[in-house]
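Quick note on numbering: the sequence shown equals residues 164 to 768 in the numbering used here.
Ideal Cβ placement from N, Cα and C applies to all residues, glycine included.
The model shown is predicted, which means the values in this text are computed figures rather than measured ones.
Here is the structure we will look at.
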Amino acid sequence: MCGIVGAVAQRNIVSVLVEGLRRLEYRGYDSCGVAVMSNGAPKRARSVSRVSDLDAQVRDSHLDGVTGIAHTRWATHGAPVTDNAHPIFSRDALALVHNGIIENYESLREMLRDKGYEFVSQTDTEVIAHLIHSMYRGDLFQSVREAVKQLHGAYAIAVMHKDQPHTVVGARQGSPLVVGVGNGENFLASDALALAGSTDHFAFLEEGDVVEITLDGVKIVDREGVPAVREVRVVAAYGGAVELGPYRHFMQKEIFEQPRAITDTIPQADHFDASIFGENAKQAFDGIDNLLILACGTSYYSGLTAKYWLESIAKIPTQVEIASEYRYRESVPDPKALVVVISQSGETADTLAALKHAQSLGHKHTLAVCNVGTSAMVRQTELSFLTHAGTEIGVASTKAFTTQLVGMFVLAVTLGKMRGFVDAKQETAYLTQLRHLPAALNSVLALEPQIIAWAEDFARKENALFLGRGLHYPIALEGALKLKEISYIHAEAYPAGELKHGPLALVTEAMPVVTVAPNDTLLEKLKSNMQEVRARGGELYVFADAGTRIVSENGIHVIRMPEHYGPLSPILHVVPLQLLAYHTACARGTDVDKPRNLAKSVTVE
Ligand code: M6R
């Protein structure tokens with residue numbers, strides 16, 4: 164999604180800005196641009212192609228300057244054309260970049276038109292540029308403070324004015340913005356990752372903050388205009404660049420990184436203890452009797468999977484809700500609920516808003532299961548569990564999902580133990596299973612050549628059904644999401660028992676039906692559902708555990724999985740579905756890591 168980089172330095176800053184955009188590319192964007200102060204006025208280059216094209220443009224035009232802002236845009240208001248690409252100018256005096264959505268932009272545009280401002284883009288952003296320009300009286304910081312009071316919606320902005328050529332001002336509300344503190348130079352970015360290599364000292368702005376960066380320092384005020392101090396933290400992990408290595412795409416690399424990511428995520432301790440989730444976790448867990456899980460997309464499916472564990476292992480009632488629905492629904496708050504948000508990025512706008520909504524309703528105990536320790540979600544929850552998946556570049560989430568599952572399993576066993584449902588023997592058994600998981604995953608990854616053969620068939624299809632039951636129904640949902648988002652094949656997932664209540668009408672010889680078949684207590688029921696498909700000519704592609712006695716025959720293709728892995732089986736079964744989606748997308752020649760219309764981190768509503 165949109166990305167911001169800004170800098171004030173004593174050196175030509177263009178390459179730092181462009182490199183910052185390059186680091187944010189994986190989030191998804193459809194245009195990009197950079198502006199610097201040059202000979203007393205802002206000068207810019209913009210591209211509706213990739214950052215590499217922008218880089219070529221700035222080199223050809225010898226764009227240089229010591230103060231600048233840059234942006235990757237994921238279109239919301241207005242098509243991805245050059246006029247709509249940021250930086251947006253106001254009267255060639257002010258340049259601005261913006262992440263987020265301004266909800267009252269239409270009324271502001273009318274008001275600014277009446278004042279004589281001409282609009283040249285279809286963006287909501289242009290109203291911010293003209294608004295700040297209209298209020299400018301020689302102090303950019305002051306005019307930004309005044310202007311943002313009139314904005315409704317979400318924004319992170321960085322802005323510069325020709326009369327203050329060594330100043331960049333930023334503001335945030337509902338979209339992240341961090342300050343990078345350098346040596347004789349200072350930066351702004353929507354994600355600290357953008358500034359790797361320039362600084363590892365970061366201050367994370369809070370909602371409503373306005374910031375001014377100059378060569379000399381950083382000035383911050385909060386939403387009331389009161390000077391604010393935001394702790395500067397060293398975030399060393401951002402130092403390393405993410406390399407593709409021998410893999411064809413980041414998604415493939417990330418699928419194969421899962422054994423390592425899971426090893427890093429499993430807690431080191433030889434027992435399950437509430438302290439894994441934070442200092443106050445024991446006290447918080449003692450006071451709860453149910454869970455409310457809020458998340459989006461793949462993270463929502465990890466919540467759905469976790470519900471089975473939480474209710475069967477910890478016997479704790481669990482509700483799982485899509486964050487964008489919960490935030491606008493009238494719900495009944497329960498002071499005894501633990502609110503759990505699950506997110507790879509920790510910045511997903513809908514999940515963040517749902518968390519804040521839950522808190523505003525009086526929910527006191529909150530826990531984030533998240534892959535980014537410095538994210539807004541981790542900072543805004545009482546407790547946290549960090550997944551150690553490492554940076555996930557592919558838009559399609561893979562290693563973030565399986566590490567989230569590990570985190571949620573640890574939560575289920577920890578609560579189960581505290582509530583007296585997991586004894587010492589069972590605890591040891593769960594821990595042993597967790598520790599063997601990476602090795603089991605390696606044996607599933609070895610199935611890749613067989614999956615590639617299936618992918619050739621799938622690449623020619625336009626529809627697919629995914630079936631699972633019980634604990635593996637959310638895995639079928641995740642498999643269908645993976646296939647649709649990167650191969651653009653329409654895919655639906657159903658609990659296999661639901662087939663006869665409607666979707667069976669879709670089954671013909673042209674419909675591939677992917678079936679997740681663990682050797683669990685529902686196996687015989689699942690086999691009956693498979694027969695229902697075969698009787699209608701549907702072709703089954705089954706990932707079957709050893710011991711299921713499901714064999715390949717006419718219309719049934721089987722890939723043999725290892726022995727059933729008990730409650731952790733979903734973590735094994737999702738991997739072949741990731742590989743099937745990946746290789747199908749490769750066979751169809753799609754842009755696997757950056758699928759059309761999608762962004763990695765969805766920071767707008
Ligand atoms: O960063 P988050 O986990 O909060 O993101 C939530 C979803 O946007 C994300 O899982 C999305 O569904 C993925 N593209 C799925 O692969």
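Candidates 672, 746 and 406: closest to residue 189 by CA position: Restricting attention to 672, 746 and 406, the CA atom closest to the CA of residue 189 is found in 406.
heavy atom of the ligand M6R below 8 Å from residue 508 C-beta: For residue 508, the shortest separation between its Cβ and any heavy atom of the ligand M6R lies below 8 Å.
Contact between the region 697-712 and the region 667-685 (3+ Cβ pairs under 8 Å): Yes, they touch.
C-beta atoms of residue 294 and residue 271 nearer than 9 Å: Result yes, Cβ atoms of residue 294 and residue 271 sit closer than 9 Å.
Boundaries of the alpha helix (DSSP H) in which residue 460 is found, first to last residue: Segment 460-476, the alpha helix (DSSP H) holding residue 460.
Heavy atom of the ligand M6R within 8 Å of residue 511 beta-carbon: Yes, the Cβ of residue 511 comes within 8 Å of a heavy atom of the ligand M6R.
Close-in-space but distant-in-sequence residues of the same chain around residue 174 (CB under 7 Å, 5 per side omitted): Cβ within range, chain order: 229.
Exposure label - residue 236; buried when at least 16 CB within 10 Å: Residue 236 is buried by the Cβ-count criterion.
Distance, residue 739 Cα to residue 641 Cα: If I take the Cα positions, the gap works out to 11 Å.
heavy atom of the ligand M6R below 8 Å from residue 505 C-beta: True, at least one ligand heavy atom lies under 8 Å from that Cβ.
Residue 644: CB within 8 Å of a non-hydrogen atom of the ligand M6R: The answer is yes for residue 644.
The region 587-605 in contact with the region 461-471 per 3-pair CB rule at 8 Å: With the cut-off at 8 Å, the region 587-605 and the region 461-471 do not touch.
Proximity below 9 Å, CB of residue 251 to CB of residue 258: Going by C-beta atoms, residue 251 is nearer than 9 Å to residue 258.
CA-to-CA distance, residue 473 to residue 208, given in whole angstroms: Rounded to the nearest whole angstrom, the CA to CA distance from residue 208 to residue 473 is 52 Å.
beta-carbon residue 416 near the ligand M6R non-hydrogen atom, thresh 8 Å: Flag unset: Cβ of residue 416 not near the ligand M6R.
CA-to-CA distance, residue 446 to residue 695, given in whole angstroms: Straight-line Cα distance between these residues: approximately 50 Å.
Supposed contact pair residue 412 and residue 618 - C-beta distance, whole angstroms, cut 8 Å: Wrong, their Cβ atoms sit about 14 Å apart, outside the cutoff.
Bridge partner(s) assigned by DSSP for residue 703: As computed with DSSP, residue 703 is found in a beta bridge with 676 and 719.
C-beta contact flag for residue 316 and residue 264 at 9 Å: The answer is yes: Cβ separation under 9 Å.
Alpha-carbon spacing of residue 359 relative to residue 433, whole angstroms: Counting only the Cα atoms, residue 433 lies some 35 Å from residue 359.
Helix, strand or coil at residue 181 according to DSSP, with G and I counted as helix: Of the three classes helix, strand and coil, the one that applies to residue 181 here is helix, per DSSP.
Helix, strand or coil at residue 695 according to DSSP, with G and I counted as helix: It is helical.
Alpha carbon of residue 500 to alpha carbon of residue 449, nearest angstrom: Looking at the two C-alpha atoms, the distance is approximately 11 Å.
Three-state secondary structure (DSSP) of residue 724: Correct three-state label for residue 724: strand.
Cut-off 8 Å between Cβ atoms - residues of its own chain near residue 214, not counting five sequence neighbours on either side: For residue 214, where only same-chain residues beyond five positions count, the Cβ hits under 8 Å are 181, 184, 185, 188, 195 and 235.
Supposed close pair residue 253, residue 310 - CB separation, criterion 8 Å: With 8 Å as the limit, residue 253 and residue 310 do not qualify as a contact, their Cβ atoms being about 11 Å apart.
The region 583-590 touching the region 603-622, judged by at least three CB pairs closer than 8 Å: Flag = no, the region 583-590 and the region 603-622 do not touch.
Residue 402 to residue 362 span [Cα, whole Å]: Here residue 402 scores only 46 on pLDDT, less than 50, and its place in the model should not be relied on; the value that follows carries that caveat. So the two alpha carbons sit approximately 9 Å from each other.
Residue 567 (DSSP reduced to helix, strand or coil): Assigned with DSSP and collapsed to three states, residue 567 falls in helix.
Any 3 or more C-beta pairs closer than 8 Å across the region 653-661 and the region 606-613: Taking 8 Å as the limit for Cβ pairs, the verdict is that the region 606-613 does not touch the region 653-661.
Residue span of the alpha helix (DSSP H) that contains residue 605, given as start and end: Where residue 605 is concerned, the enclosing alpha helix (DSSP H) stretches over 587-608.
Cut-off 8 Å between Cβ atoms - residues of its own chain near residue 284, not counting five sequence neighbours on either side: 241, 246, 247 and 251, listed in sequence order.
The region 530-543 touching the region 476-486, judged by at least three CB pairs closer than 8 Å: Cβ pair count under 8 Å is below three, so no.
Where the beta strand (DSSP E) containing residue 655 begins and where it ends: Unbroken beta strand (DSSP E) run through residue 655: 653-658.
Distance between residue 540 and residue 772 (C-alpha atoms, nearest Å): An answer regarding residue 772 cannot be provided, because it is not within the stretch 164 to 768 covered by the chain.
Local conformation of residue 270 per DSSP, three classes: DSSP places residue 270 in helix when its eight states are reduced to three.
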